[in-house]
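Okay, structure first, notes after.
Residue numbers (full-length UniProt numbering): 1 to 332.
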C-alpha cells in the first residue's frame with residue numbers, strides 16, 4: 001500500500017508539500033498540486049481521514065446515534081439528517097444505541113473519537129447528567145426526542161403526553177368511554193409520557209381509569225398482537241383502543257381480524273407516529289403525526305451551526321403532534 005512518502009518521492013516534492021496539497025492549503029502551488037495529484041492517482045494513494053483531521057481539526061462528518069437503524073422510524077430520521085449533512089458537504093456516521101445506557105455511551109464515545117464535530121443523539125438509556133457532560137465536551141451536540149432543561153437550547157423534542165392525550169380525547173369525542181390502551185414495555189420516557197396522556201384524558205373527561213384496560217408489549221407488531229390478545233382474554237367491553245405506536249396498532253388489528261372483530265365497526269383503533277405503515281393498513285389508520293423528519297432536519301442544522309461556533313436560529317424546540325384522521329375510528 002502506497003504511503004505519503006511514496007507520493008512525495010514520485011512527485012518530486014517534500015512530504016510537507018504533499019500534506020499541503022491533500023489538505024487544500026492555499027500555500028500549495030499549482031505545479032505541486034498537479035504533480036502530487038498525478039502521483040496519487042498512479043500509486044492509488046488514498047489520504048487517511050484521521051491524518052487530514054489532525055491538520056484541519058475536522059473530519060467533515062456528522063455523527064448520529066439512533067435506537068435501532070432497522071426501525072423505519074429511525075430510517076426517516078437518518079434520511080433527514082443525511083440531507084442536511086450533504087448540503088454542508090459532510091458525511092454521516094451512525095451508531096445504534098438500542099435504548100441501553102452502555103451501548104449508547106459506547107456509540108457516542110466512538111463518534112467523538114472519530115472526530116465528529118456535529119452529533120445528533122437519540123438517547124433513552126443515559127441519564128440527563130451524562131448527556132449534559134457529553135454536550136459540554138462537544139459544542140456541536142444536539143439531543144433529539146428528549147428535553148433536558150439544563151441544555152434546553154440544544155434539545156429538539158416532541159410533546160408525547162400531548163399526542164397521546166389528543167388521541168384518547170379524539171376517541172372520547174366520538175362517544176367512546178370504554179377505551180383500552182396498548183403500551184410499550186420499554187422503560188423510557190416516551191412510554192411513561194404517552195401512557196400518562198391516555199390516563200389524563202380519561203380523568204379530564206370524567207372516565208374512571210381501570211388498569212385492566214391497559215396491556216403491554218414490545219413496541220412492534222408482535223408486541224401489539226400480544227397485548228391485544230391479553231386484552232381480549234379479559235373479556236372487556238371495549239369499544240376503542242389507543243396504542244403506543246402504529247406498529248402496535250397493526251398487531252392489534254391483526255388479532256382483531258383473526259377473532260372476527262371488525263374495525264372500526266366493532267372496535268375503533270388509533271395509533272401514534274404516522275409512520276409509513278399507517279396509510280397501508282386496513283382500515284387506513286387514524287393516528288397522531290410525529291414530525292420526525294422536520295425535527296431531524298432542524299436538529300442537524302442546529303448541530304452544524306453550533307459546531308461552527310455560529311449563533312443558532314430560534315428553532316421550535318418542543319414540537320406538538322397533530323391528529324391524522326383516516327378510517328379506523330367510528331363514532332359509537
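All C-beta atoms, glycine included, are put in the ideal place defined by N, C-alpha and C. Predicted, not measured: the structure shown is a model, and the values here were computed from it.
Notebook entry, point to check: Is the region 67–78 in contact with the region 27–41, if contact means three or more CB pairs nearer than 8 Å?
Noted result: no
- Item | Every unbroken beta strand (DSSP E) within the region 98–124, with a cutoff of 3 residues, ordered by chain | For the region 98–124, whole beta strand (DSSP E) runs of length 3 or above, ordered along the chain, are 118–121.
- Task: In angstroms with no decimal places, state the Cα-to-Cα distance between residue 277 and residue 101.
- Result: 29 Å
Would you mind working out which of 328, 113 and 125 sits nearest residue 269, comparing C-alpha positions?
328
The region 277–288 / the region 248–255 touching (three or more Cβ pairs under 8 Å): yes
Item to complete: Only counting runs of 3 or more residues, tell me where the beta strand (DSSP E) segments fall wholly within the region 245–287, in order along the chain.
Response: 268–270
Problem set entry | For residue 181, the three-state DSSP class (helix, strand or coil) | strand
(message) Whole angstroms are fine: how far does the CA of residue 21 sit from the CA of residue 54?
(response) Its pLDDT being 42, under 50, residue 54 is placed unreliably by the model, and the measurement read from it follows with that caveat. Straight-line Cα distance between these residues: approximately 15 Å.
For this session: Could you please give the first and the last residue of the uninterrupted beta strand (DSSP E) stretch that includes residue 157?
Result: 155–158
ask   = Given that a residue counts as buried once 16 or more other Cβ atoms are within 10 Å of its Cβ, and exposed if not, what is residue 87?
value = exposed
| Which of helix, strand or coil does DSSP assign to residue 77? | helix
Start and end of the beta strand (DSSP E) containing residue 216?
214–217
### Message
Tell me which residue opens and which closes the alpha helix (DSSP H) that residue 293 is part of.
### Response
Run containing residue 293: 292–307, per the alpha helix (DSSP H) assignment.
- Query: Over what stretch of residues does the alpha helix (DSSP H) that includes residue 145 continue unbroken?
  - Reply: Unbroken run through residue 145: none, as it is neither H nor E.
Note to self: Classify residue 51: buried if its beta carbon has 16 or more other beta carbons within 10 angstroms, exposed otherwise.
What the structure shows: Residue placement at residue 51 is poorly supported in this model, since its pLDDT is 49, which falls under 50; the coordinates are not used for a value here.
task = Answer yes or no: do residue 171 and residue 265 have a C-beta to C-beta separation smaller than 8 Å?
result = No, the Cβ-Cβ distance between residue 171 and residue 265 is not below 8 Å.
Checklist entry - Residue range of the alpha helix (DSSP H) that residue 13 falls in? => result From DSSP, residue 13 is part of no alpha helix (DSSP H); its letter is neither H nor E.
Between residue 125 and the rest of its own chain, which residues show a CB-CB distance below 6 Å, the 5 nearest in sequence each way excluded? 99, 100, 101 and 104
By the three-class DSSP mapping on this structure, what secondary structure does residue 40 have?
helix
Which value, in whole angstroms, describes the spacing of the CA atoms of residue 211 and residue 183? 12 Å
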